[in-house]
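Residue numbers (the numbering used here), protein chains in the order written: chain A, 4 to 587; chain B, 2 to 365.
Glycine included, C-beta positions come from ideal geometry on N, C-alpha and C.
Note that the coordinates shown come from a computational prediction; the quantities given were computed from them, not determined experimentally.
Taking it in order: structure first as structure tokens, then the write-up.
Set out below in structure tokens:
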């Protein structure tokens, strides 16, 4: 840790207080289960539901006629599954999300200490609680794995810094253990986010190498970075081996699926508001300060460049940067997470700004910061409420009841116009569906060949979506697709012409059931060798969750006590002897 | 560095944003006939009707509401369920004052992709090239009473808990009365007709399984929307089953499975087919044209035309279908046109048109 500044006029905010604020802000929202209606929450709950019932089985028949659970890193899902036996699936999701939200300011505090003194770092950590981008990911996108991996990455970075600068083995072990857990939580963060975060820290290590008592050389720092990279790559391959094997066997070759975060935010203002203005919140006002302060101080420049590049990537199609740098991956990734990472990277410099405002204007400065922070968080939560991502919550229990009644589970079903409520149906229904909410797990050619996403959203994908739906309906007999639940009358003409008949209505006619009675019961679909073998199921059930436990254990191992001196930041001319400057 | 670096970063960001954003004004006057058509269709694609209407020539005599109705639909017709996805244009003729441009359009609709070709006349006006967009005037039908005296079959079930179709009554007798396998463009296609021989209505479909040379099943498809699913007593429907990328050489035999189920049905709405004729369209392709007349008193939202073509021996040689993007208002004729294979047009001796329909307020 950076020692307390001797001359600091005001003390840092205690970490416990920051955690209490995080609990006070997000606890009630999570108790209200606000994320339950987010884009992806039901998807993660669906994955977790499988682990809750079949921990060691990697094959899930409930989506796409069959899919491998190893196509998505399992850590958060498995923790939800474990907690679900106490809190239920939805409650467990909220518990895990709350833990992640608490972990995030801790990670930010430790990450910010790399760049700024303790007091400013505490401001940065407190600000993280109120980030609009965090609120959007939690309450609109439901990207629990992304927030988990980001929190773990932030917590791992100080060890990366310490290892590359000083070369102490325990720091390597701790960093790799946390990174391994991060990879088990979310692969995209591991592949892209960790690099964006790590490169500025590596640069900082190079700049700070002389501060180390060991006087590391640039080459030494870089070699240790390579060692760290190789170690976490090996650890990630170990922890996600079934995922990589699945990816190798069945590469993501489907056509790109449109996503608003790839829009040009100026030409598509709604996307701009949703994916940039609201997530950035009051941080937009801080951009000039970030640019000037980040440029002014040598130690902050790596962070400035990292933030700048990540911000450009987060702008999606508003600049050509993403398309040029990411190539084919640009069409697969979504970019709201880049904006989240950019806001995280901005926080250390924003911590400096906060300190200046407090020092200069006292209570008025605190009031301004408080209003800005609350505005950012509240606007994001309000945006989710006033700009709902679907037509609203509706009761899916009658649908679930129908599918679990009599022999209906012998057939497959799809939903049309259900939005993210489809995943909720599929979590609790015994019947399997040909649709699913995780595009990369799809194997049926009718789903992968058209460049459309979920069947329940077919109309939003234009010709591609409707042709994909037609292709599935044409093969209803082969796949045992007998039941179609419709909550959007747009789809009725196709069903009527294709030979389905309306059989029941629910919710005062808002939802209808269409059936095709000559469809035979569903049979197991033979996907060949893409079904993971049993050993992968065992590995998948043991290694990722063990990685998280290992991370917890090694982080609890205390560091050796050393004598440390304090420094001011920026280091004053008079401070000449620094025996240790460390953040962990 | 204190000021240069942020300035450089700001300028770089602005340049990058500009590079991805700045384009020529979408509302600029068209300088070429093809540009006018592309601008109009581009705005239709973006659902921007007022902007699209800026490129409609005054001499079209098309008021904005009529243009809106023609492009974006009304009465829950197929066009209201459609959006323009892709278009390609080609200049057929051009001089200083006017030009002719052919547009190939692909609409995403509720029933799948709908393809259309439209030849548009483009004229030069003071404010640039404009497209003549004529809209057929909808005739006003005088107030009248339409007697409802059609046949109707209801079904009494054991209870509301029964699944549809599980009434434990005999299925209607249906029979495939003709079948003709053909190969076209690498696809194997089964054509034929199915008849409801019973005295009760049936909900029918036809499933086909191809048996390979080794006696194993090699493909399975069904009639899908290329059949009239509800057949009244003694009614005949054509069917067509497509096997994409299937060579006839691989097929040893075909197993056809007609499925039928007793359902409630009615003869309403009655849709007449008038003035049928085989013609060539503007591209020189054979088409079957005619008019549909809704003889009942309620609007049919989406008509679907099925045409069966016979040779001089009475054998089914082709089955075509097409969705009509206008709704059928009562007693108001609406034109239709469906494609015929050019290589078969000369062999067509007779043809028969049947009409399926979707009415939003009358789902059976």
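Pull the bridge partners of residue 59 (chain B) from the DSSP assignment, please. Counting from one through the second chain, the residue named residue 59 (chain B) turns up at place 58. Answer by DSSP bridge pairing: none, since residue 59 (chain B) is not bridged.
Beta-bridge partners of residue 180 (chain B), as assigned by DSSP: Stepping through the second chain from its first residue, residue 180 (chain B) is reached at position 179. Its beta-bridge partners are B:193.
Report the three-state DSSP secondary structure of residue 304 (chain B) (helix, strand or coil). As a working mapping, residue 304 (chain B) is identified with position 303 in the second chain. Strand at residue 304 (chain B).
Could you give the DSSP three-state label for residue 271 (chain B): helix, strand or coil? Sequence index remark: in the second chain, residue 271 (chain B) carries index 270 (1-based). The answer is coil: DSSP assigns residue 271 (chain B) none of H, G, I, E or B.
What residues from the region 268-279 of chain A come within 7 Å of chain B, judged by C-beta to C-beta, listed N to C? 269 and 270
Would you kindly check if the distance between the Cβ of residue 131 (chain A) and the Cβ of residue 192 (chain A) is under 8 Å? The residue given as residue 192 (chain A) occupies position 189 in the first chain. The residue given as residue 131 (chain A) occupies position 128 in the first chain. No. Outside cutoff.
Option in B:274, B:273 and B:289 with minimal Cα separation from residue 280 (chain B): As a position in the second chain, residue 280 (chain B) is number 279, starting the count at 1. The option with the nearest alpha carbon to residue 280 (chain B) is B:289.
Which residues mark the beginning and the end of the alpha helix (DSSP H) in which residue 295 (chain B) is found? Locating residue 295 (chain B) in the second chain gives position 294, where the first residue counts as 1. Counting along the chain, residue 295 (chain B) falls outside any alpha helix (DSSP H), though it belongs to the beta strand (DSSP E) covering 287-295.
So the alpha helix (DSSP H) residue 101 (chain B) belongs to, where does it begin and stop? Residue 101 (chain B) sits at position 100 when you count from the first residue of the second chain. Counting along the chain, residue 101 (chain B) falls outside any alpha helix (DSSP H), though it belongs to the beta strand (DSSP E) covering 99-110.
Please report the distance separating the alpha-carbon of residue 313 (chain A) from that of residue 243 (chain B). As a working note, residue 313 (chain A) is residue 310 in the first chain. As a working note, residue 243 (chain B) is residue 242 in the second chain. When rounded, the distance between both Cα atoms is 50 Å.
Which first and last residues belong to the beta strand (DSSP E) in which residue 88 (chain B) is found? To locate residue 88 (chain B), count along the second chain from 1; it is residue 87. Residues 84-95.
DSSP three-state label for residue 62 (chain A), please. As a position in the first chain, residue 62 (chain A) is number 59, starting the count at 1. Strand, per DSSP.
Measure the C-alpha to C-alpha separation of residue 29 (chain B) and residue 130 (chain B) and round it to an integer number of angstroms. Within the second chain, numbered from 1, the residue matching residue 29 (chain B) stands at position 28. Within the second chain, numbered from 1, the residue matching residue 130 (chain B) stands at position 129. If I take the Cα positions, the gap works out to 11 Å.
DSSP-derived helix/strand/coil call for residue 171 (chain A): Position 168 of the first chain, counted from the start, is the residue given in the question as residue 171 (chain A). Coil.
Contact list for residue 206 (chain B) against chain A, beta-carbon separation under 7 Å: On the second chain, residue 206 (chain B) is found 205 positions in, with the first residue counted as 1. Within 7 Å Cβ-Cβ: 502 and 521.
Counted within 10 angstroms of its Cβ, other Cβ atoms place residue 65 (chain A) as buried (16 or more) or exposed: The sequence position of residue 65 (chain A) within the first chain is 62, counting from 1. Buried, since its Cβ has 16 or more Cβ neighbours within 10 Å.
Would you tell me roughly how many angstroms separate the C-alpha atoms of residue 230 (chain A) and residue 214 (chain A), rounded to the nearest one? Against the first chain, residue 230 (chain A) aligns to sequence position 227. Against the first chain, residue 214 (chain A) aligns to sequence position 211. Between residue 230 (chain A) and residue 214 (chain A), the C-alpha separation is close to 21 Å.
If we cut at 8 Å on Cβ distances, does residue 274 (chain B) have a partner in chain A? Within the second chain, numbered from 1, the residue matching residue 274 (chain B) stands at position 273. It does not; no Cβ of chain A falls within 8 Å.
Helix, strand or coil: which one does DSSP assign to residue 198 (chain B)? Here residue 198 (chain B) refers to the residue found at position 197 of the second chain. Residue 198 (chain B): coil per DSSP, three-state reduction.
When you compare only the Cα positions, how much space is there between residue 290 (chain A) and residue 172 (chain A)? Your numbering for residue 290 (chain A) matches position 287 in the first chain. Your numbering for residue 172 (chain A) matches position 169 in the first chain. Between residue 290 (chain A) and residue 172 (chain A), the C-alpha separation is close to 38 Å.
From residue 343 (chain B) to residue 282 (chain B), what distance separates their C-alpha atoms? Taking the second chain and counting its residues from 1, one reaches residue 343 (chain B) at position 342. Taking the second chain and counting its residues from 1, one reaches residue 282 (chain B) at position 281. Rounded to the nearest angstrom, the two C-alpha atoms are 11 Å apart.
To test your reading of the DSSP string, which unbroken beta strand (DSSP E) runs of 3 or more residues are found completely within the region 297-385 of chain A? none
Residue from B:220, B:197, B:18 and B:143 with nearest C-alpha to residue 333 (chain B): Residue mapping note: residue 333 (chain B) aligns to position 332 of the second chain, counting from 1. Minimum Cα distance to residue 333 (chain B) is reached at B:143.
Extent of the continuous alpha helix (DSSP H) to which residue 226 (chain A) belongs: One-based indexing of the first chain puts residue 226 (chain A) at position 223. Start and end: 221-242.
Looking at chain B, which residues of the region 466-485 of chain A have a Cβ within less than 9 Å of any of its Cβ atoms? 466, 467, 468, 469, 470, 472, 473, 476, 477, 478, 479, 480 and 481
The beta strand (DSSP E) spanning residue 505 (chain A) covers which residue range? Mapped onto the first chain, residue 505 (chain A) falls at position 502. Element bounds for residue 505 (chain A): 504-509.
With 16 other CB atoms within 10 Å as the buried threshold, where does residue 184 (chain A) fall? Numbered from its first residue, the first chain carries residue 184 (chain A) at position 181. Its Cβ being crowded by 16 or more others within 10 Å, residue 184 (chain A) is buried.
Cβ of residue 116 (chain B) less than 8 Å from any chain A Cβ? Translated into the one-based positions of the second chain, residue 116 (chain B) becomes position 115. False, the Cβ-Cβ gap to chain A never drops below 8 Å.
Residue of A:157, A:190, A:541 and A:516 minimising C-alpha distance to residue 421 (chain A): The residue you call residue 421 (chain A) lines up with position 418 of the first chain. When only C-alpha atoms are compared, the closest one is A:516.
Considering only residues of the same chain and omitting the five flanking positions on each side of residue 325 (chain A), which have a CB-CB separation below 6 Å? Along the first chain, one-based indexing puts residue 325 (chain A) at 322. Result list for residue 325 (chain A): 316 and 333, in chain order.
Do residue 263 (chain B) and residue 172 (chain B) have their CB atoms nearer than 8 Å? Within the second chain, residue 263 (chain B) is the residue found at index 262, counting from 1. Within the second chain, residue 172 (chain B) is the residue found at index 171, counting from 1. Yes, the Cβ-Cβ distance between residue 263 (chain B) and residue 172 (chain B) is below 8 Å.
So what does DSSP say about residue 574 (chain A), is it helix, strand or coil? Mapped onto the first chain, residue 574 (chain A) falls at position 571. In this prediction, residue 574 (chain A) scores a pLDDT of 47, lower than 50, which makes its location untrustworthy; the coordinate-derived value is nonetheless stated afterwards. Residue 574 (chain A) falls in the coil class under three-state DSSP.
Going by the CB atoms, is the gap between residue 526 (chain A) and residue 483 (chain A) shorter than 8 Å? Here residue 483 (chain A) corresponds to residue number 480 of the first chain, with the count starting at 1. Here residue 526 (chain A) corresponds to residue number 523 of the first chain, with the count starting at 1. Yes. Within cutoff.
Ignore the nearest five residues each way along the sequence and tell me which others in residue 329 (chain B)'s own chain have a CB closer than 7 Å to its CB. Sequence index remark: in the second chain, residue 329 (chain B) carries index 328 (1-based). Cβ neighbours of residue 329 (chain B) beyond the five flanking positions: 272, 293, 295, 300, 301, 304 and 335.
Members of the region 303-316 of chain A that neighbour chain B once the beta carbon cut-off is set at 7 Å: 311 and 315
Verify the CB distance criterion: does residue 223 (chain B) have a CB-CB separation below 8 Å to chain A? Position 222 of the second chain, counting from 1, holds the residue named residue 223 (chain B). Cβ-Cβ to chain A under 8 Å: yes for residue 223 (chain B).
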